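Student: Dumping the structure here so I can ask a few things about it.
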Amino acid sequence: MASVLTLFSFYLMLFSTSCFTTINGVFSEQSPMDISTKRVEKLTRLHFYFHDTLDGTNPTAIRIAGPSKRSFGTTMMADDPLTEGPEANSKLVGRAQGIYALASQHDIGLLVVMNFAFLKGMYNGSALSILGHNPILDRVREMPIVGGSGVFRYARGYALAKTVQFNQMTGNAAVEYNGLSCISEGSKFFSNQYCLRVVVFVFQVSHACMSVVLFLL
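When you line the sequence shown up against mature numbering (1 follows the signal peptide of the UniProt record, and there is no 0), it's residues -19 to -1, 1 to 198, in that order.
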């Protein structure tokens, strides 16, 4: 009996391994066709204001590296409020958390690595990720949306930034953001479908192995 159980365990491990290998191969081959025929994309437009405060007793952005005189290499860590309106006391809708740095030796251009974490309504707990070049002297700047989480999972798109307030003495600024995000709603479906295939195949393998054991008995 012990030898039969050992044989059953061996077959289960062997067939499970081959099953997962097969699933990965089939999924990779079929995914382009599945995505092109079943994926649904949803467009979301966002509009809010970003407030960057460098002075006072409670700044929302501080220097963490580089020169102190805001020149090439100066790197800032930010936790800036996002509001519905241009006023700092307007309704809070989220926070911009991340890093920006002066990354150009020839003009005033920032490297921006930022998460827009939303706190209100249907977007509460979700975030969009921005990674790009921000030439802050331009009237309107475009930066790519490279991903997200929550309802913005698999998001891509762009964000348009426009400075509406700037204090040259303190460096404090308010920036208007208009964003367009494209979300592939079918992606979650394919993930669930893939998991279901794995469960079904494992069940089939277990059933086959049990048949082998019963035959040997």
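From the three backbone atoms N, C-alpha and C, an ideal C-beta is built for every residue, glycine too.
Just so we're clear, the structure is a prediction, and the values are computed from it rather than from any experiment.
Using 9 Å as the threshold, is the C-beta distance between A140 and G129 below it?
Tutor: For the purposes of this step, residue 140 is taken as the residue at position 159 of the sequence shown. For the purposes of this step, residue 129 is taken as the residue at position 148 of the sequence shown. Cβ distance not < 9 Å, so A140 and G129 don't count as in contact.
Student: Contact defined as beta carbons within less than 8 Å: I believe L27 pairs with G160. What is the distance between those atoms, to the nearest angstrom?
Tutor: In the sequence shown, counting from the first residue as 1, residue 27 sits at position 46. In the sequence shown, counting from the first residue as 1, residue 160 sits at position 179. That pair is a contact at about 4 Å.
Student: Give a yes or no on contact between the segment 85 to 102 and the segment 36 to 47, applying the rule of three or more CB pairs nearer than 8 Å.
Tutor: Result no; under three Cβ-Cβ pairs closer than 8 Å.
Student: Excluding the 5 residues preceding and the 5 following K143 in the sequence, name in chain order all residues of the same chain whose CB lies nearer than 6 Å to its CB.
Tutor: Residue numbering aside, residue 143 sits at position 162 when the sequence shown is read from its first letter. Contacts found: V121 and E157.
Student: Is the beta carbon of F29 sitting closer than 9 Å to the one on V74?
Tutor: Taking the sequence shown and counting its residues from 1, one reaches residue 29 at position 48. Taking the sequence shown and counting its residues from 1, one reaches residue 74 at position 93. Taking 9 Å as the Cβ cut-off, F29 and V74 qualify as a contacting pair.
Student: Helix, strand or coil for Y81, going by three-state DSSP, please let me know.
Tutor: The count along the sequence shown starts at 1 and reaches residue 81 at position 100. It is a strand residue.
Student: Closest to G66 by C-alpha separation, out of F97, A155 and S162, would be which residue?
Tutor: In the sequence shown, the residue the question calls residue 66 occupies position 85. Of F97, A155 and S162, the residue nearest in Cα terms is A155.
Student: Can you give the Cα-Cα distance for T151 and A59, rounded to whole angstroms?
Tutor: Here residue 151 corresponds to residue number 170 of the sequence shown, with the count starting at 1. Here residue 59 corresponds to residue number 78 of the sequence shown, with the count starting at 1. Rounded to the nearest angstrom, the two C-alpha atoms are 15 Å apart.
Student: Smallest Cα separation from P40: which of D61, I80, I89 and H87?
Tutor: Within the sequence shown, numbered from 1, the residue matching residue 40 stands at position 59. The shortest Cα separation from P40 among D61, I80, I89 and H87 belongs to D61.
Student: Could you check whether I126 and S107 sit closer than 9 Å to each other, using their CB atoms as the reference points?
Tutor: Mapped onto the sequence shown, residue 107 falls at position 126. Mapped onto the sequence shown, residue 126 falls at position 145. Going by C-beta atoms, S107 is not nearer than 9 Å to I126.
Student: Taking the beta strand (DSSP E) that A140 belongs to, which residues open and close that run?
Tutor: On the sequence shown, position 159 is the one that residue 140 refers to. Note, A140: beta strand (DSSP E), R137 to F147.
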